[in-house]
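Reviewing the structure listed below.
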Amino acid sequence: MNRKNFVKTTALTALGVFLINPLEVLAEKTNPIKTNQMKTKDQLKDIELPEGIRERYVTGVNGLTVHVLEAGFETPKRPAVLLLHGFPELAYSWRKIMLPLAAAGYHVIAPDLRGYGRTTGSDNSFDGNFASFRTHQLSRDALGLMMAMGQDSVYAVVGHDVGATVAAYCALVRPDFFRSVVLLSCPFGGVQPLPFGVGAQALPNSQPAVPVKDPLASLPRPRKDSTTYFSSRNANNDMLNCKQGLHNFQRAYFHVKSADWSHNKPFPLTSGTAEEFAKQPMYYVLDLDKTMPEEVDPFMPSQKEIAACKWLTDRDLDVYTQEFKRTGFQGGLNWYRCTTIGLNRSDLELFSGHTIDVPSCFISGTADWATFRPPGALEQMQRKACTKMQSFHIIENAGHWLQQEQPEQLTGLIADFLQHI
Numbered sequence: 033m034n035r036k037n038f039v040k041t042t043a044l045t046a047l048g049v050f051l052i053n054p055l056e057v058l059a060e061k062t063n064p065i066k067t068n069q070m071k072t073k074d075q076l077k078d079i080e081l082p083e084g085i086r087e088r089y090v091t092g093v094n095g096l097t098v099h100v101l102e103a104g105f106e107t108p109k110r111p112a113v114l115l116l117h118g119f120p121e122l123a124y125s126w127r128k129i130m131l132p133l134a135a136a137g138y139h140v141i142a143p144d145l146r147g148y149g150r151t152t153g154s155d156n157s158f159d160g161n162f163a164s165f166r167t168h169q170l171s172r173d174a175l176g177l178m179m180a181m182g183q184d185s186v187y188a189v190v191g192h193d194v195g196a197t198v199a200a201y202c203a204l205v206r207p208d209f210f211r212s213v214v215l216l217s218c219p220f221g222g223v224q225p226l227p228f229g230v231g232a233q234a235l236p237n238s239q240p241a242v243p244v245k246d247p248l249a250s251l252p253r254p255r256k257d258s259t260t261y262f263s264s265r266n267a268n269n270d271m272l273n274c275k276q277g278l279h280n281f282q283r284a285y286f287h288v289k290s291a292d293w294s295h296n297k298p299f300p301l302t303s304g305t306a307e308e309f310a311k312q313p314m315y316y317v318l319d320l321d322k323t324m325p326e327e328v329d330p331f332m333p334s335q336k337e338i339a340a341c342k343w344l345t346d347r348d349l350d351v352y353t354q355e356f357k358r359t360g361f362q363g364g365l366n367w368y369r370c371t372t373i374g375l376n377r378s379d380l381e382l383f384s385g386h387t388i389d390v391p392s393c394f395i396s397g398t399a400d401w402a403t404f405r406p407p408g409a410l411e412q413m414q415r416k417a418c419t420k421m422q423s424f425h426i427i428e429n430a431g432h433w434l435q436q437e438q439p440e441q442l443t444g445l446i447a448d449f450l451q452h453i
């Protein structure tokens, strides 16, 4: 499909909108999947989705019942494109690019990840088995979902934010199944090498372990990284029951990480020192004594700015508010805990020396600080970690939420990549 016809088809398919009832999921004879009978109308509200996107539940996926949005399902045997969202998002975050990708000839599948939205079966508590949220398990969820849906391979796995980390892992460990990968916002810097040739070295003298103080906390203005904050016991309650209310917190959080916030002018950090890290905005490096809602509240957009925000209307934001009010954030936050205690890194170390060798693409926004986190990852991804990086783009006027802020540009870039691999 040429570019002109692709844009035309995209515009036509994006016109209709209707309410989808999660209890009246469309039946598909070619791919029968059970709905989740445990959910009731009292528990779930209808989600407004563009016509042509359906809502389904897939049971028996690594202990989960997975809530899925689908487009392009009418034609069997289409190449599958799997979309993995980040934090604090949902399958709903992909609503603007699903139909255009389906119009380009793909079966587009977007699940609520483990611990999010209407996917059930995980222990989302702070004191539960949070190791089940590590990258390895989330990747296994992705593999299990696609197999449960009758897919023998995935043409492309597309991940944003935390979802980009999962997508990269999928492509790294199962290149036979995940045939290409698109990373949005967060670069994959590769697998850290294991110590080599140190077996003959003498053991150091045993010394009592001394807790290492976070260098950010020792700055003249004491700080903490957002990953550290999201791993804390209080983070879920801080956000869920914040003073300004959940809706206003989410509005401010989405705003400050978007291109709408004029202070987002990211640049590469020269090192991983605390002084360099502290140059990032407050949503990535917080004051030591503040919560995330307290950090973003002073930058709450005005009513005029909210009315002008077409990429995330209040009606759109209500979907996030109602879902996280019902589930809380802890399921999603548990992934950060797996990162801070080293679980995610230890799983990755099994693949030390491996690279992503399937065709890959990286896309971010000019106003997205995640492009440069962690320092050096972007360069490592391009030089070594992804050996077949065929497409690299930074979208103008896009912040961290580029699939919502600039969906047409993003869809065009993804479609072009998929058509040329």
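Residues in the sequence shown are numbered consecutively from 33, following the working numbering. We treat Cβ as the ideally placed atom computed from N, Cα and C, and that holds for glycine.
Asked: Of the choices A340, I426, R146, whose alpha-carbon is the least far from that of T97?; Found: R146
Asked: Please state whether DSSP places R255 in a helix, a strand or coil.; Found: strand
Asked: Would you kindly report the start and end of the unbroken alpha helix (DSSP H) that includes G174?; Found: The sequence shown places Ala at residue 174, not Gly. 167 to 180 is the extent of the alpha helix (DSSP H) around A174.
Asked: Assuming contact is defined by CB atoms lying nearer than 8 Å, are R283 and I338 in contact in what I supplied?; Found: yes
Asked: Within the same chain, show all residues whose beta-carbon is closer than 6 Å to that of R114, passing over the 5 residues directly before and after it, in chain order.; Found: First, the amino acid is wrong: residue 114 is Leu here, not Arg. I141, V186, V189, listed in sequence order.
Asked: Which residue's Cα is closest to the Cα of D193: H386, Y368, E440?; Found: Y368
Asked: If the criterion is Cβ atoms closer than 8 Å, does the pair F270 and P325 meet it?; Found: Looking at the sequence provided, one finds Asp at residue 270 rather than Phe. Their beta carbons are under 8 Å apart, which means D270 touches P325 by this criterion.
Asked: How many whole angstroms separate the CB atoms of G200 and I426, which I take to be in contact at a CB cut-off of 8 Å?; Found: Sequence check: residue 200 is Ala here, not Gly. At roughly 18 Å, the Cβ-Cβ gap does not stay under 8 Å, so A200 and I426 are not in contact.
Asked: Looking only at C-alpha atoms, which of H168, V93, G277 sits nearest to D329?; Found: G277
Asked: Taking the straight line between their C-alpha atoms, what separation do you get for T384 and L365?; Found: Residue identity differs from the one stated: residue 384 is Ser in this sequence, not Thr. Distance between the alpha carbons of S384 and L365 is about 26 Å.
Asked: Using the beta-carbon count (16 or more within 10 Å), is N266 buried or exposed?; Found: exposed
Asked: Buried or exposed: G195, going by 16 or more other Cβ atoms within 10 Å of its Cβ?; Found: buried
Asked: DSSP three-state call for G222: helix, strand or coil?; Found: coil
Asked: Where does Q422 fall in DSSP's three states?; Found: strand
Asked: Tell me which residues share the same chain as T151 and place their Cβ nearer than 8 Å to its Cβ, disregarding the 5 neighbours each side in the sequence.; Found: L96, T97, V98, H99, P143, D144, L145
Asked: Using 8 Å for Cβ pairs, my map puts C202 next to F210. What's the rounded Cβ distance?; Found: 4 Å
Asked: Is DSSP giving H139 helix, strand or coil here?; Found: strand
Asked: Locate the beta strand (DSSP E) running through H192, then write down its first and last residues.; Found: 188 to 192
Asked: For A103 and R88, what's the separation of their Cα atoms in angstroms?; Found: 11 Å
Asked: Where L216 and G397 are concerned, what is the direct C-alpha to C-alpha distance, given to the nearest angstrom?; Found: 9 Å
Asked: If you measure between the beta carbons of E440 and A430, is that distance less than 8 Å?; Found: no
Asked: Please check if any C-beta of chain C sits within less than 8 Å of the C-beta of S423.; Found: The chain labelled as chain C is not found in the depicted structure, where only one protein chain is given.
Asked: Looking only at its chain, what residues have a beta carbon closer than 7 Å to the beta carbon of S125, apart from the 5 residues adjacent to it on each side?; Found: H117, Q435, Q436
Asked: What first and last residue would you give for the beta strand (DSSP E) that runs through G92?; Found: 86 to 93
Asked: Does DSSP classify H99 as helix, strand or coil?; Found: strand
Asked: Quick one: is H452 buried, meaning 16 or more other Cβ sit within 10 Å of its Cβ, or exposed?; Found: exposed
Asked: Looking at the unbroken alpha helix (DSSP H) that takes in I446, where does it start and where does it end?; Found: 439 to 452
Asked: To the nearest angstrom, how far is the alpha carbon of S263 from that of S157?; Found: 12 Å
Asked: Quick one, are the C-beta atoms of T259 and T372 less than 8 Å apart?; Found: yes
Asked: Are S154 and P391 touching if we call contact CB-CB under 8 Å?; Found: no
Asked: Report back the beta-carbon spacing between V317 and L204 to the nearest angstrom; my notes put them in contact at under 8 Å.; Found: Their Cβ separation, rounded to whole angstroms, is 29 Å, which puts V317 and L204 out of contact at 8 Å.
Asked: How far does the alpha helix (DSSP H) with C370 in it extend, from its first residue to its last?; Found: 362 to 372
Asked: Candidates G149, A135, E106: which alpha carbon is nearest L76's?; Found: G149
Asked: Check whether the Cβ atoms of G92 and A180 sit closer than 8 Å, and answer yes or no.; Found: yes
Asked: In whole angstroms, what separates the C-alpha of S164 from that of L81?; Found: 30 Å
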